[in-house]
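Asks: Those letters in the sequence shown? Residues 10 to 450, by the working numbering. We put the CB at the ideal spot given by N, CA and C, even for glycine.
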Amino acid sequence: MAKSIEFDATPDPQFTDKAWFEVLAAVDVAYSELVSHQALLEEQNETLHEFRRFLASILSSVSDIMVVVGRAGVIEEVSQSLMDVTGLAGDDLIGMDAGALFEGDSTDRLHRELDALRFSREPARFEATLRAMETPEPYEMSITARIDDRERMIGAVIVGRPLGELRRAYSELEVSHHSLKEAQSQLVRNEKLASLGRLLAGVAHELNNPISFVYANAHALEKYIMRFEEYFERVEGGAPRDELVALRRQLKLDRELKNLRAAIDGAREGAERVRDIVADLRRLSVAGTATRERYDLVEAARVAARWVIRGSKAQVEMRFEGLSELTVHGNPGHIQQIVMNLLQNAIDALRGQENAEIVLWAGIEDGQAILTVTDNGPGIEAETASSIFDPFFTTKPVGEGTGLGLSISNKIAEEHGGSLTHINVEPGTTFRLALPLGDVE
Numbered sequence: 010m011a012k013s014i015e016f017d018a019t020p021d022p023q024f025t026d027k028a029w030f031e032v033l034a035a036v037d038v039a040y041s042e043l044v045s046h047q048a049l050l051e052e053q054n055e056t057l058h059e060f061r062r063f064l065a066s067i068l069s070s071v072s073d074i075m076v077v078v079g080r081a082g083v084i085e086e087v088s089q090s091l092m093d094v095t096g097l098a099g100d101d102l103i104g105m106d107a108g109a110l111f112e113g114d115s116t117d118r119l120h121r122e123l124d125a126l127r128f129s130r131e132p133a134r135f136e137a138t139l140r141a142m143e144t145p146e147p148y149e150m151s152i153t154a155r156i157d158d159r160e161r162m163i164g165a166v167i168v169g170r171p172l173g174e175l176r177r178a179y180s181e182l183e184v185s186h187h188s189l190k191e192a193q194s195q196l197v198r199n200e201k202l203a204s205l206g207r208l209l210a211g212v213a214h215e216l217n218n219p220i221s222f223v224y225a226n227a228h229a230l231e232k233y234i235m236r237f238e239e240y241f242e243r244v245e246g247g248a249p250r251d252e253l254v255a256l257r258r259q260l261k262l263d264r265e266l267k268n269l270r271a272a273i274d275g276a277r278e279g280a281e282r283v284r285d286i287v288a289d290l291r292r293l294s295v296a297g298t299a300t301r302e303r304y305d306l307v308e309a310a311r312v313a314a315r316w317v318i319r320g321s322k323a324q325v326e327m328r329f330e331g332l333s334e335l336t337v338h339g340n341p342g343h344i345q346q347i348v349m350n351l352l353q354n355a356i357d358a359l360r361g362q363e364n365a366e367i368v369l370w371a372g373i374e375d376g377q378a379i380l381t382v383t384d385n386g387p388g389i390e391a392e393t394a395s396s397i398f399d400p401f402f403t404t405k406p407v408g409e410g411t412g413l414g415l416s417i418s419n420k421i422a423e424e425h426g427g428s429l430t431h432i433n434v435e436p437g438t439t440f441r442l443a444l445p446l447g448d449v450e
């Protein structure tokens, strides 16, 4: 017969109401924490889903192919663009060895780059041939390591762009660059033509004087020749000596003989002056594509100065100081354009000023050839000085300046490995042109 078990319902005097309250409070705390953890878990789960949706949108929208692989190179995620290229569905690609996407040596190269990532963690680039749906296509591949919170490599992200597209982009970029260089050269030529146009009056005057001199002497020579022809006709006709002496005295041949020499010398001098002017013009108008060479910067500046003076009606004293010769390396025609721009600006600033003066100084500083152009004009205001090299910036009235002279001059100086800077002086303005010396190739 089994014994019955009896329970003592008498409450333990030690288990008071206070203990019950503590138990209930602990239960409430535990429940509250459980609810908080549940809310946090749901929030993190939503964040994870949002991240997955974001990743899926990236993989579906990128035009480059994208593959996410594990440490062993097994595909975990792929972009829609890869599916379009290969003609395979995402389920077929996921779980596949990424090397199977490529042909030939590209498979081994991919695995070598994956192995290298475990040690270097440095992104790598290589070319690979992708197994496309129609024809295998070359791609430029970029592979980057995936790192977890403990700095361990857990896989890689592989991105590829068709090389055909890249090469087309590079070709278009090269064409654009070539067009830009042509436009820049055209701009330089146009500015040089504008400078020459401003000097046209001086050129016409300079050419007109010696040409008129040659023309006048040519008329005198014609008159002298007619007299000598008359005399020699009588000689050939057998005229007696007395008659020839009288005719010689009548035609004043002795005097005309001296005049003949003077006319020849004068015509030669005028022709030489024309030759010198044309030679200066040819040196001044060197094409923008001319090869660079060693030349005398001082002489180039003198040629430019002569042309500016010829084209200017202003009464300005211009003198050279410093070295009499300074060999530099570059394009003399372009450097002459810089000097002409600086001198023309100086003359414009000195217009109407008494005792106007421009000083050109040549020397060597810090291993560079230096040419400074200084005028004693009103100078450049501080708020204007910061903009003088900006394209199309000018303080001249409309129609008197393009605003490109200093901008182009600055660009030419930089292309020659030098610089063009403005220096504040009192009074007046100084521009400093620095160029490589002649021993620089």
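#1: Under 8 Å, do Pro-147 and Glu-112 count as touching if we go by C-beta distance?
#2: Taking DSSP's pairing of strands, which residues face Glu-86 in a bridge?
#3: Taking 8 Å as the limit between beta carbons, can you name the residues of its chain near Thr-116, skipping five residues before and five after?
#4: By Cβ distance below 7 Å, which residues in the same chain neighbour Gln-362 in space, the five residues on each side in sequence not counted?
#5: Rounded to whole angstroms, what's the CA-CA distance from Glu-86 to Val-77? Just pull it up for me.
#6: For the alpha helix (DSSP H) containing Val-254, list its first residue and its last residue.
#7: How should Ala-192 be labelled, buried or exposed, when 16 other C-beta atoms within 10 angstroms of its C-beta is the threshold for buried?
#8: Less than 8 Å between the beta carbons of Gly-437 and Asp-384, yes or no?
#9: What span of residues does the alpha helix (DSSP H) with Gln-324 cover, start to end?
#10: For the beta strand (DSSP E) holding Ser-151, just list the boundary residues, first then last.
#11: Going by C-alpha to C-alpha distance, which of Phe-398, Leu-446 and Glu-424 sits closest to Phe-440?
#12: Measure from the alpha carbon of Arg-75 to the alpha carbon of each residue in Ser-88, Val-83, Ala-81 and Ile-84, then state which is nearest.
#13: When you compare each of Gln-47, Glu-181, Ser-418 and Ala-371 to Met-349 by their alpha carbons, which one comes out closest?
#14: Does the Cβ of Ile-103 have 16 or more other Cβ atoms within 10 Å, making it buried, or fewer, making it exposed?
#15: Is Ser-428 helix, strand or coil when you go by DSSP?
#16: Can you tell me whether DSSP reads Ala-443 as helix, strand or coil?
#17: Identify whether Arg-140 lies in helix, strand or coil by the three-state DSSP scheme.
#18: Kindly indicate the opening and closing residues of the alpha helix (DSSP H) around Leu-119.
#19: If we count the other Cβ atoms within 10 Å of its Cβ and call it buried at 16 or more, is Thr-430 buried or exposed?
#20: If you measure between the beta carbons of Leu-253 and Ala-314, is that distance less than 8 Å?
#21: DSSP state of Asn-433, grouped into three classes?
#22: Does Thr-393 pass the burial test, meaning 16 or more other C-beta atoms within 10 Å, or should it be called exposed?
#23: When you compare only the Cα positions, how much space is there between Ala-178 and Leu-172?
#24: Assuming Glu-149 and Arg-170 are in contact, meaning their beta carbons sit under 8 Å apart, how far apart are those beta carbons, in whole angstroms?
#25: Can you tell me which of Gly-96, Asp-106 and Arg-121 puts its alpha carbon nearest to the alpha carbon of Gly-82?
Replies: Result, derived from the coordinates:
#1: Position 138 of the sequence shown, counted from the first residue, corresponds to residue 147. Position 103 of the sequence shown, counted from the first residue, corresponds to residue 112. Not closer than 8 Å, so no.
#2: The residue you call residue 86 lines up with position 77 of the sequence shown. The partner list for Glu-86 (beta bridge, DSSP) reads Val-77.
#3: By 1-based counting over the sequence shown, the position of residue 116 is 107. Cβ neighbours of Thr-116 beyond the five flanking positions: Gly-108 and Ala-109.
#4: In the sequence shown, the residue the question calls residue 362 occupies position 353. Excluding residues within five positions, the ones whose Cβ falls inside 7 Å are Gly-386.
#5: The count along the sequence shown starts at 1 and reaches residue 86 at position 77. The count along the sequence shown starts at 1 and reaches residue 77 at position 68. Rounded to the nearest angstrom, the two C-alpha atoms are 5 Å apart.
#6: Translated into positions along the sequence shown, residue 254 becomes position 245. Where Val-254 is concerned, the enclosing alpha helix (DSSP H) stretches over 250 to 260.
#7: The residue labelled residue 192 in the question sits at position 183 within the sequence shown. It counts as exposed.
#8: As a working note, residue 437 is residue 428 in the sequence shown. As a working note, residue 384 is residue 375 in the sequence shown. Cβ atoms of Gly-437 and Asp-384: closer than 8 Å.
#9: Locating residue 324 in the sequence shown gives position 315, counting from the first residue. First-last for Gln-324: undefined, no H or E at that position.
#10: Locating residue 151 in the sequence shown gives position 142, where the first residue counts as 1. Here the beta strand (DSSP E) through Ser-151 covers 146 to 156.
#11: By 1-based counting over the sequence shown, the position of residue 440 is 431. Closest by alpha carbon: Phe-398.
#12: In the sequence shown, residue 75 corresponds to position 66, counting from 1. Looking at the sequence provided, one finds Met at residue 75 rather than Arg. Out of Ser-88, Val-83, Ala-81 and Ile-84, Ser-88 has the C-alpha closest to the C-alpha of Met-75.
#13: For the purposes of this step, residue 349 is taken as residue 340 along the sequence shown, with counting starting at 1. Closest by alpha carbon: Ser-418.
#14: Translated into the one-based positions of the sequence shown, residue 103 becomes position 94. Exposed.
#15: One-based indexing of the sequence shown puts residue 428 at position 419. Note: Ser-428 maps to strand in three-state DSSP.
#16: The residue given as residue 443 occupies position 434 in the sequence shown. Ala-443: strand per DSSP, three-state reduction.
#17: As a position in the sequence shown, residue 140 is number 131, starting the count at 1. Three-state DSSP puts Arg-140 in coil, outside helix and strand.
#18: By one-based count along the sequence shown, residue 119 stands at place 110. 115 to 129 is the span of the alpha helix (DSSP H), which, as asked, contains Leu-119.
#19: By 1-based counting over the sequence shown, the position of residue 430 is 421. By the 10 Å Cβ count, Thr-430 comes out exposed.
#20: Numbered from its first residue, the sequence shown carries residue 253 at position 244. Numbered from its first residue, the sequence shown carries residue 314 at position 305. Cβ atoms of Leu-253 and Ala-314: not closer than 8 Å.
#21: Position 424 of the sequence shown, counted from the first residue, corresponds to residue 433. Note: Asn-433 maps to strand in three-state DSSP.
#22: By 1-based counting over the sequence shown, the position of residue 393 is 384. Exposed: under 16 other Cβ atoms inside 10 Å.
#23: Within the sequence shown, numbered from 1, the residue matching residue 178 stands at position 169. Within the sequence shown, numbered from 1, the residue matching residue 172 stands at position 163. Roughly 10 Å between the two C-alpha positions.
#24: The residue labelled residue 149 in the question sits at position 140 within the sequence shown. The residue labelled residue 170 in the question sits at position 161 within the sequence shown. Yes, Glu-149 and Arg-170 are in contact; Cβ-Cβ is about 5 Å, under 8 Å.
#25: Start at 1 with the first residue of the sequence shown, and residue 82 comes out as number 73. When each option's Cα is compared against that of Gly-82, the closest is Asp-106.
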